[in-house]
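Scroll down for the structure; my scribbles are underneath it.
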Amino acid sequence: MAPASREEELNKLAPELVLELKEKKEPEKGLPPLELNEPLVMRFAPNPNGPPTIGSSRGIVVNSEYTKKYHGKLIIRFDDTDPATKRPMLEAYDWYLDDCEWLGAKPDEVVKASDRIPLYYEVAEELIRKGGAYVCFCEQDVFKTLKDAKSPCSHREQGIEKNLVFWEKMIAGDYKEQEAVLRIKTDIAHKDPAIRDWVAFRIIKTPHPRPQVGDKYCAWPLLDFEGAVEDHLLGTTLIIRGKDLADSEKRQRYVYKYMGWTYPKTMHWGRVQIHEFGKLSTSGLKKAIADGVYTGWDDPRVPTIRALRRRGIKPEALRKFMIDLGLGETDISLSLDTLYAENRKIIDPVANRYFFVWEPVELEIEGAEPKIAKAPLHPSRGGLREIPAGTKVLVCKNDVDILSAGEKLRLKDLYNIQITNISPLTAKFIGTDMELVKKEKARIIHWAPLDGLKIRVLSPEGEYIGVGEKGIEKELNKVVQFERFGFVRVDSVKDNWVVAYFTHR
RNA sequence: GCUCCGAUAGUGUAGCACGGCCAAUCAUGUCAGACUCUCACUCUGACGACUGGGGUUCAAAUCCCCAUCGGAGCACCA
């Protein structure tokens with residue numbers, strides 16, 4: 017039976033079933049719905065060792081989307097507990113807050129772990145008293161060998177009193193780096209080696225970059241401990257984290273069990289790799305910027321939110337892009353095309369159009385009088401721009417390269433010409449009507465006046481230098497479309513030069 | 001070596017907890033056409049996927065097992 021007639025038949029027999037059929041087909045768009053039996057509290061927890069990247073934006077957007085949707089609370093927590101190897105950048109704290117706000121994800125609460133070290137010390141001490149943690153003096157490789165053999169080290173059962181003494185000495189700074197750590201007692205024979213007696217605190221004598229903290233502490237918690245305590249203290253009810261941190265939950269649950277706390281719900285997502293940027297770590301970027309490979313954290317070739325902003329990507333586009341990715345545990349490798357398509361839908365209706373000629377070539381037109389072209393600022397909204405054309409104009413080298421003598425062309429919004437010579441490039445005026453384009457299918461190219469504005473466009477693929485029509489300088493900080501080139505954001509105007517950042521085609 | 005995940009079109013995603021509504025959704029992409037004084041936008045159409053093999057079942061993308069492939073953890077990084 018054909019589906020149509022089947023439905024008809026069913027309609028006769030049981031109309032209510034047809035309705036049900038239609039209803040169930042409607043899919044839930046975007047993020048999966050949450051089943052909540054308590055108020056939602058979520059946190060986004062970056063290490064501010066660089067500015068937020070496109071990857072960070074996924075965390076920011078998804079957390080904020082859920083807390084908005086379910087009237088929850090959004091916390092940003094800076095996990096800045098490593099003053100040495102992943103040293104925080106002082107400026108990055110504000111960059112995060114700024115980019116969050118730009119993304120429409122202003123947090124309800126901001127917490128810096130480096131302000132809260134004493135709280136972690138309290139929990140550590142309690143854990144020691146409960147017999148859930150011990151100070152270990154084993155060298156790293158010695159402990160690893162024991163751990164791999166599922167054997168406890170001699171410090172594991174040294175007793176609570178001793179541990180308390182050692183711990184006091186640890187936080188007092190009596191030990192050197194590498195000399196002692198505080199371990200959480202889990203199950204030394206756990207089948208998963210990643211879980212066995214993990215380190216909660218180590219000694220770092222490098223001062224913290226924040227002047228408020230400086231050299232106040234030399235026993236610093238590791239992520240698993242700091243995160244475990246904070247998630248409880250902050251009342252987090254749902255954690256979304258990367259799959260790479262999935263084992264954290266198994267480790268942290270030991271702390272929660274000792275302390276009698278309830279572990280939050282968790283969700284995970286896979287790694288994201290972006291075709292256009294490849295594998296770039298924050299530390300790798302930092303080095304490349306220091307080496308002068310990139311001009312800074314907002315260089316258009318760099319995968320930071322700041323760079324995207326500078327290029328004219330709108331926050332709504334980035335949000336939608338990230339939400340549509342959903343919450344898969346699969347590692348994904350994606351292209352920014354979808355983001356660009358999303359952004360284009362937003363900017364196309366509002367971006368004014370201008371001519372920009374890159375790699376300009378002079379074209380002399382015989383028989384034409386100087387004229388002022390009147391071109392629409394936008395194809396469907398009102399407004400005209402005026403572009404003066406002399407007996408010479410500039411055209412793109414790309415267009416010239418495929419030209420042959422005798423060819424007829426339309427200079428957009430100006431008039432028709434016929435090429436008389438390629439080098440030097442000359443043409444003659446052959447009229448103004450559109451018949452040429454309509455009937456003879458002549459190509460239409462854009463152009464720029466000889467005395468136009470000098471323009472530099474910075475794009476991920478490199479730099480374009482050329483000339484654009486006057487008026488572009490009035491679009492500072494706006495996104496416009498350079499016709500037949502693409503969208504750009506006008507970044508600066510000075511000394512007769514306009515610098516624009518390429519958005520996308 | 002040990003331990004965890006995951007696998008739907010080029011890309012991303014829906015469907016998978018409760019097997020039949022799936023001849024598999026949506027977006028993006030590509031191609032073709034329409035519109036247009038832009039190679040933009042918009043519109044129309046086409047293309048394109050359940051990793052493989054077994055099993056359970058009347059029925060499997062969905063449940064089970066194995067294989068393959070991919071990712072991650074086993075740090076005094078986050």
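The first sequence begins at 17 in our numbering and counts up by one.
Don't be surprised by glycine CBs; every beta carbon is placed ideally from N, CA and C.
| query | result |
| --- | --- |
| Candidates Pro123, Pro99, Phe182, Ile219, of which the one nearest Asp110 by Cα | Pro123 |
| Between the CA atoms of Lys185 and Arg218 - distance to the nearest angstrom | 12 Å |
| Which listed residue (Glu125, Asp157, Lys444) has its alpha carbon closest to that of Thr83 | Glu125 |
| Reduced DSSP secondary structure (H/G/I, E/B, other) of Ala262 | helix |
| The stretch 254 to 266 touching the stretch 328 to 338, judged by at least three CB pairs closer than 8 Å | no |
| Nearest-angstrom Cβ-Cβ length linking Lys390 and Asp449, presumed shorter than 8 Å | Actually they are not in contact, since the Cβ atoms of Lys390 and Asp449 sit about 16 Å apart, beyond 8 Å. |
| According to DSSP, residues forming a beta bridge with Leu474 | Glu479, Tyr517 |
| Beta-ladder partner(s) of Lys510, from DSSP | Trp513 |
| Residues near Leu301 in its chain [Cβ-Cβ closer than 7 Å; skip 5 each side] | Gly66, Val318 |
| Assigned exposure category for Trp374 - 16 Cβ within 10 Å defines buried | buried |
| Whether Thr407 touches Ala384 by CB criterion (8 Å) | yes |
| Whole-Å CB distance - Tyr270 paired with Ile200, under 8 Å assumed | 6 Å |
| Boundaries (first-last residue) of the beta strand (DSSP E) holding His206 | Segment: none, His206 is in no beta strand (DSSP E) and carries neither H nor E. |
| Same chain, Cβ closer than 6 Å to Ala18, neighbours up to 5 away in sequence not counted | The predicted position of Ala18 is uncertain, since its pLDDT is 34 and thus under 50; no value can be drawn from it. |
| Nearest to Phe501 (by Cα), restricted to the options Thr519, Leu492, Asp511 | Thr519 |
| Three CB pairs or more closer than 8 Å across the stretch 472 to 489 and the stretch 355 to 374 | yes |
| C-alpha gap between Pro280 and Asp240, whole angstroms | 14 Å |
| Burial state of Lys457, where buried means 16 or more other Cβ atoms lie within 10 Å | exposed |
| Assumed close pair Val515, Phe503 - CB separation to whole angstroms, cut-off 8 Å | Rounded, the Cβ-Cβ distance is 15 Å, inconsistent with contact. |
| Beta-carbon spacing of Leu343, Pro48 below 8 Å | yes |
| As assigned by DSSP and simplified to three states, the class of Tyr191 | coil |
| Start-to-end residues for the beta strand (DSSP E) that takes in Ile70 | Run containing Ile70: none in the beta strand (DSSP E); it sits in the alpha helix (DSSP H), 70 to 85. |
| Ser349 - partner residues in DSSP beta bridges | Gln289 |
| Rounded straight-line distance, which links the Cα of Phe60 to that of Asp95 | 10 Å |
| Residue nearest to Ile76 in terms of C-alpha spacing, selected from Phe337, Ile204, Asp467 | Phe337 |
| Segment contact flag, the stretch 274 to 291 with the stretch 348 to 364, C-beta cutoff 8 Å, min 3 pairs | yes |
| Where Phe503 falls: helix, strand or coil (DSSP) | strand |
| Counted within 10 angstroms of its Cβ, other Cβ atoms place Ile471 as buried (16 or more) or exposed | buried |
| Residue(s) in a DSSP beta bridge with Cys152 | Val197 |
| Nonlocal neighbours in the same chain, by C-beta distance under 7 Å from His394, ignoring five residues either side | Asn368, Arg369 |
| Short Cβ contact (8 Å threshold) for Leu425 with Ile461 | yes |
| Closest Cα partner of Leu400 within the set Val158, Thr436, Lys486, Asp511 | Lys486 |
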